[in-house]
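Engineer: Pasting a structure below so you can have a look.
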Amino acid sequence: MVPESSQDDAETLEGTVTRVVFHAEDTGYKVARLETRDGDVVTVVGHGGAVDEGTDVSLAGRWTTHPTYGRQFQYRRATVRPPRTEDQLVRRLQRYPGIGPHVAERIVRRFGLATLDVIEREPRRLEEVRGLGRKTVDRIVAYHREHTGPKAAIEARLSELGVSVRFAAPIHRRFGAEALDVLTRDPYVLAREIEGIGFVTADRIARAQGIEPEHPGRIEAGILHVLERAEGEGHCALPAGALVAEAEKLLSVDRAYVVEGFERLRRSGHLVVEEDGTAPEQALVFRLPVVRAERTVAEAIAAATETPVEPWRIVRLPEHLSEGQRAAVASVAAHRFTVLTGGPGTGKSTVVRHVIETAEANETDVLLCAPTGRAAKRLEAATDRPASTIHRLLEVDPATGRFRHGPDEPLPPGLLVVDEASMLDIFLARSLFAALGPEHRVLLVGDADQLPSVGPGNVLRDVLTAAEAAPDRLPVVALTEIFRQAEGSSIVANAHRILAGERPVSDPSDGDGQFFVILARGAEHVREQIVRLATERIPAAFGLDPRSDVQVLVPMHRGAAGTVELNRELQSRLADEGPEVRVGTHGDRVFRVGDRVLQTRNDYGKGVFNGDVGTVVRVDPDAGTLVVDMEDQRVAYGSDELGALQLAYAMSIHKSQGSEFPAVVVGLAVEHHVMLRRNLLYTAVTRARDLCVVVAEPRALARALMRADAARRYTGLVRRLERALGIEPHFTPVHDP
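Residue numbers (numbering that gives the first Met the number 0): 0 to 736.
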């Protein structure tokens with residue numbers, strides 16, 4: 000019988016799993032049908048690898064009522080019970096590789112209910128069964144150990160704790176036989192050692208096991224989590240007062256515990272505190288890896304400016320080059336490190352081409368790179384030379400995620416051109432600059448008015464700030480003249496209006512206009528207008544493919560005019576009908592053939608990186624897998640890898656950095672007010688090559704134009720550059736190992 004209710008997780012339900020209805024590989028969440036001892040068939044839901052078809056299980060949990068699916072048993076712990084009958088054992092064996100129904104029956108006829116003991120203790124005896132060879136037996140044994148050994152025990156424990164079982168494998172690899180002890184004794188270690196387990200998950204594990212809120216490990220993990228969260232927002236550090244206050248709020252403990260934890264982390268070297276002569280609470284606090292990254296960048300740039308260089312012979316330059324463009328070529332010819340900045344239409348690409356020609360005329364090899372694949376392709380098209388992402392240039396090892404090129408094996412000597420430098424975060428910059436040797440010249444190219452990197456740091460802006468104090472040591476050429484071919488572009492003209500805080504101006508609606516502003520009433524109206532423009536009006540008026548030529552850009556993911564809602568509507572209109580793969584705990588994300596998708600994290604094994612965009616070309620609904628055409632390669636995704644993909648009909652403006660699209664539709668709604676700034680709108684508009692349409696609530700557009708301040712980022716690179724260049728630093732390192 001089905002119990003009427005249960006107030007806690009002490010309810011126990013036993014039976015045989017007859018069918019797994021849904022399994023989210025990325026989270027381990029399952030919906031299954033269970034035949035109970037009384038013969039009732041009920042629905043069970045929860046996280047745990049033990050709930051598989053044919054398995055006899057004991058579940059601990061509680062009965063709940065779902066508003067749509069009715070009564071179901073929500074389990075927190077699943078324990079596999081030994082099969083009680085030979086029929087159960089036959090069903091269970093069919094999950095093993097190489098064992099079908101007939102082979103399973105032959106195995107059970109031979110060994111009976113002792114079959115699992117035979118697999119565990121005398122696996123070679125399986126070869127006594129007709130149809131089982133050595134290789135198949137080896138696969139059976141490997142599967143059995145995977146699902147009954149230490150990893151299975153970790154899965155069971157994670158399931159009890161309500162944590163995704165997908166973490167079992169990395170936890171087992173990292174901690175081995177001590178894994179269960181770590182889970183019980185100090186789960187906060189997981190937040191530091193296991194990718195994907197942050198403080199919140201580790202804290203849930205700890206609290207479920209009765210670890211006290213004031214536990215020193217919890218306090219220290221919480222402080223580090225606040226800093227890591229700040230890094231996710233672009234900061235390299237936080238003021239000490241803000242850090243302590245945020246940690247106190249997160250941990251819900253007395254401030255004294257936070258201060259004690261802060262001091263322990265400082266003394267151990269995990270935190271670096273740097274004062275600037277103001278109040279102690281304003282001292283900047285860094286995690287040690289960030290300090291090391293900033294120091295590497297600063298020292299590499301300083302070394303480049305100090306090493307003598309043999310001047311290049313400059314080849315004849317065209318008469319039409321501006322004074323600034325000529326100065327940029329001359330700077331690269333005379334120095335090991337030069338920064339080139341400028342907005343759209345100022346001729347940065349022209350300078351890069353002539354710098355390359357000058358390098359080649361001086362028998363110098365050229366390396367071209369950019370932070371993302373799309374930016375690298377633009378650089379390649381502009382120079383007619385091979386270009387790559389920084390990751391590919393440094394030759395990442397898929398197994399370890401480490402780069403081949405670094406201090407011990409620098410990049411091949413020559414000229415290194417780094418385009419879209421505003422996108423460089425401090426860690427990627429560290430890896431790149433660590434791979435430089437004394438025979439490199441560097442040209443850093445970027446638009447300082449664009450958004451800074453998604454990751455921590457503000458590298459280009461910080462280098463420019465330091466250069467103001469040492470122009471003779473850090474050459475910077477800023478291009479300001481807009482060239483004739485760009486003067487006729489209303490996209491370029493409006494980009495510069497936006498930088499000046501002026502309202503962009505629409506082209507006449509009759510003719511081949513490039514730039515239009517459409518005002519909307521509320522976020523829902525913004526979304527409706529965008530969808531109609533992207534799927535109907537722009538394709539019809541300009542002959543563009545809505546799936547490949549039109550890109551929607553908005554400030555945020557959430558909200559009525561965010562990427563999530565926009566992608567849902569755009570997909571329903573643009574994706575092919577037919578098979579689909581569902582992702583997420585409730586299958587709420589869908590991928591179909593023809594979908595434009597975005598890679599959201601680096602996958603060194605597949606050679607795809609955060610920001611790469613592709614098109615789904617094949618889906619397998621049964622296996623939950625798909626294949627994506629990433630322009631230069633086709634990439635297969637298993638069911639447990641789909642969490643790295645997002646729909647990309649609409650994407651955040653931050654994610655669009657370094658890209659260029661034939662047509663761009665920009666959406667601005669008041670609901671995204673915290674993000675609305677001048678450089679955000681400027682970055683979005685300058686992604687358009689031929690057409691840009693801004694759909695905005697009037698107040699949202701006004702707010703974006705009014706806020707000229709770029710969101711402040713706390714970094715230490717300017718100070719480290721000043722120190723490395725011999726300029727008196729304006730700070731005192733309190734603890735700087």
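Glycine included, every Cβ here is placed at the ideal spot set by N, Cα and C.
#1: DSSP on R18, reduced to helix/strand/coil?
#2: Between which two residues does the alpha helix (DSSP H) carrying S57 extend?
#3: Closer than 7 Å by C-beta to H171: which residues in its own chain qualify, once you throw out the five before and the five after it? Chain order, please.
#4: Which residue comes first and which comes last in the alpha helix (DSSP H) that contains E85?
#5: Can you tell me which of the three DSSP states F174 falls into?
#6: Does the beta-carbon of V693 have 16 or more other beta-carbons within 10 angstroms, so that it is buried, or is it exposed?
#7: Within the continuous alpha helix (DSSP H) that includes F110, where are the two ends?
#8: How many angstroms separate the CA atom of A466 from the CA atom of T534?
#9: Would DSSP call D639 helix, strand or coil?
#10: Give, in chain order, every unbroken run of the alpha helix (DSSP H) that is at least 4 residues long and sits entirely within the segment 546-615.
#11: Helix, strand or coil, according to DSSP, for Q71 in the structure here?
#12: May I have the straight-line CA-CA distance separating H495 from E318, to the nearest angstrom?
#13: For T382, which of M422, L367, G642, L283 has the nearest alpha-carbon?
#14: Just the C-alpha distance for F247 and I218, rounded to the nearest angstrom, thanks.
#15: If you follow the alpha helix (DSSP H) that Y256 is part of, which residue opens it and which one closes it?
#16: What does DSSP give as the partner residues of S651 in its beta bridges?
#17: Between the alpha carbons of A329 and A468, how many angstroms are there, rounded?
#18: If you reduce the DSSP assignment to three classes, tell me which class L125 lands in.
#19: Take P279 as the anchor and find which of A301, D253, L237, T295 has the nearest alpha-carbon.
#20: Anyone know if the C-beta pair for T78 and L450 falls short of 7 Å?
#21: Which residue from V44, G14, E359 puts its Cα closest to that of G38?
#22: Take P411 and list the residues in its own chain whose beta-carbon comes closer than 8 Å to its own, dropping the five residues that flank it on each side.
#23: For L223, does the three-state DSSP call read helix, strand or coil?
#24: Relative to the C-alpha of R138, which candidate in L92, R165, G436, G209 has its C-alpha closest?
#25: Classify V289 as buried or exposed, calling it buried when 16 or more other Cβ atoms lie within 10 Å of its own Cβ.
#26: Starting from Y28, trace the alpha helix (DSSP H) in both directions and tell me its first and last residue.
#27: Do V272 and R263 have their beta-carbon atoms positioned less than 7 Å apart in this structure?
#28: Alpha carbon to alpha carbon, how far is R254 from A244? Give it in angstroms, no decimals.
#29: Look at A374 and E419 and say whether their C-beta atoms are less than 7 Å apart.
#30: Can you tell me whether Q598 is buried or exposed? The criterion is at least 16 other CB atoms within 10 Å of its CB, across all chains shown.
#31: In three-state terms, what does DSSP make of D619?
#32: Across the segment 376-394 and the segment 614-625, are there enough close Cβ pairs to call them in contact, namely three or more that are closer than 8 Å?
#33: Tell me which residues share the same chain as R429 and place their Cβ nearer than 6 Å to its Cβ, disregarding the 5 neighbours each side in the sequence.
#34: List the endpoints of the continuous alpha helix (DSSP H) containing L724.
#35: With DSSP as the reference, please indicate the residues paired to E10 in a beta bridge.
#36: For E127, tell me which candidate among R144, D575, R108, H653 has the shortest Cα-Cα distance.
Structural biologist: Let me spell this out:
#1: Position 19 of the sequence shown, counted from the start, is the residue given in the question as residue 18. It is a strand residue.
#2: The residue labelled residue 57 in the question sits at position 58 within the sequence shown. From DSSP, S57 is part of no alpha helix (DSSP H) but of the beta strand (DSSP E) over 55-65.
#3: The residue you call residue 171 lines up with position 172 of the sequence shown. The beta carbon of H171 sits closer than 7 Å to those of P149, K150, I153, A178, all from its chain and outside the five residues before and after it, given in chain order.
#4: Within the sequence shown, residue 85 is the residue found at index 86, counting from 1. Following the DSSP letters along the chain, one finds E85 inside the alpha helix (DSSP H) bounded by residues 85-92.
#5: Position 175 of the sequence shown, counting from 1, holds the residue named residue 174. Assignment of F174 by DSSP, reduced to helix, strand and coil, places it in the helix class.
#6: The residue given as residue 693 occupies position 694 in the sequence shown. Classification of V693: buried, given that the 10 Å Cβ count is 16 or more.
#7: Counted from its first residue, the sequence shown places residue 110 at position 111. From DSSP, the alpha helix (DSSP H) with F110 extends over 100-110.
#8: To locate residue 466, count along the sequence shown from 1; it is residue 467. To locate residue 534, count along the sequence shown from 1; it is residue 535. Each residue's alpha carbon lies about 46 Å from the other.
#9: Stepping through the sequence shown from its first residue, residue 639 is reached at position 640. DSSP places D639 in helix when its eight states are reduced to three.
#10: Runs of alpha helix (DSSP H) with 4 or more residues, each lying fully within the segment 546-615, are found at 562-573, listed in chain order.
#11: Locating residue 71 in the sequence shown gives position 72, counting from the first residue. The answer is strand: DSSP assigns Q71 an E or B state.
#12: Indexing the sequence shown from 1 puts residue 495 at position 496. Indexing the sequence shown from 1 puts residue 318 at position 319. Answer to the nearest angstrom: the Cα atoms are 26 Å apart.
#13: What you label residue 382 is simply residue 383 of the sequence shown in a count that begins at 1. Ranking M422, L367, G642, L283 by Cα distance to T382 puts L367 first.
#14: On the sequence shown, position 248 is the one that residue 247 refers to. On the sequence shown, position 219 is the one that residue 218 refers to. Reading off the sequence, residue 247 comes out as Glu, not Phe. Distance between the alpha carbons of E247 and I218: 9 Å.
#15: Against the sequence shown, residue 256 aligns to sequence position 257. Counting along the chain, Y256 sits inside the alpha helix (DSSP H) bounded by residues 254-267.
#16: By 1-based counting over the sequence shown, the position of residue 651 is 652. As computed with DSSP, S651 is found in a beta bridge with V553.
#17: For the purposes of this step, residue 329 is taken as the residue at position 330 of the sequence shown. For the purposes of this step, residue 468 is taken as the residue at position 469 of the sequence shown. Near 21 Å, if we compare the C-alpha coordinates of A468 and A329.
#18: As a first step, residue 125 must be located in the sequence shown, where it is residue number 126. Note: L125 maps to helix in three-state DSSP.
#19: Here residue 279 refers to the residue found at position 280 of the sequence shown. Cα-wise, what sits closest to P279 is L237.
#20: Translated into the one-based positions of the sequence shown, residue 78 becomes position 79. Translated into the one-based positions of the sequence shown, residue 450 becomes position 451. Between T78 and L450, the C-beta spacing is not below 7 Å.
#21: Position 39 of the sequence shown, counted from the start, is the residue given in the question as residue 38. It is G14.
#22: Along the sequence shown, read from residue 1 onward, the residue named residue 411 stands at position 412. Closer than 8 Å at the Cβ level, and outside the excluded window around P411, lie D364, L366.
#23: Residue mapping note: residue 223 aligns to position 224 of the sequence shown, counting from 1. Here L223 sits in helix by DSSP.
#24: Residue mapping note: residue 138 aligns to position 139 of the sequence shown, counting from 1. Ranked by Cα distance from R138, the first of L92, R165, G436, G209 is L92.
#25: Indexing the sequence shown from 1 puts residue 289 at position 290. So V289 counts as buried.
#26: Reading the sequence shown from its first residue, position 29 is the one you call residue 28. Here Y28 belongs to no alpha helix (DSSP H); instead the beta strand (DSSP E) covers 28-35.
#27: Translated into positions along the sequence shown, residue 263 becomes position 264. Translated into positions along the sequence shown, residue 272 becomes position 273. Cβ distance not < 7 Å, so R263 and V272 don't count as in contact.
#28: Position 245 of the sequence shown, counted from the first residue, corresponds to residue 244. Position 255 of the sequence shown, counted from the first residue, corresponds to residue 254. Straight-line Cα distance between these residues: approximately 8 Å.
#29: Position 375 of the sequence shown, counted from the start, is the residue given in the question as residue 374. Position 420 of the sequence shown, counted from the start, is the residue given in the question as residue 419. Cβ atoms of A374 and E419: closer than 7 Å.
#30: On the sequence shown, residue 598 is found 599 positions in, with the first residue counted as 1. Under the 10 Å beta carbon count, Q598 is surrounded by 16 or more other beta carbons and is classified as buried.
#31: For the purposes of this step, residue 619 is identified with residue 620 of the sequence shown, where counting begins at 1. In the structure shown, D619 falls within a strand segment according to DSSP collapsed to helix, strand and coil.
#32: Fewer than three beta-carbon pairs drawn from the segment 376-394 and the segment 614-625 are found closer than 8 Å, and the two stretches are therefore not classed as touching.
#33: To locate residue 429, count along the sequence shown from 1; it is residue 430. Setting aside the 5 residues that flank it on each side, R429 is surrounded in the same chain by A292, T295, V296, each with a C-beta closer than 6 Å to its C-beta; the list follows chain order.
#34: Residue 724 sits at position 725 when you count from the first residue of the sequence shown. The continuous stretches of alpha helix (DSSP H) do not include L724, and DSSP gives it neither H nor E.
#35: Translated into the one-based positions of the sequence shown, residue 10 becomes position 11. As computed with DSSP, E10 is found in a beta bridge with G60.
#36: Locating residue 127 in the sequence shown gives position 128, where the first residue counts as 1. Checking every option, the nearest Cα to that of E127 belongs to R108.
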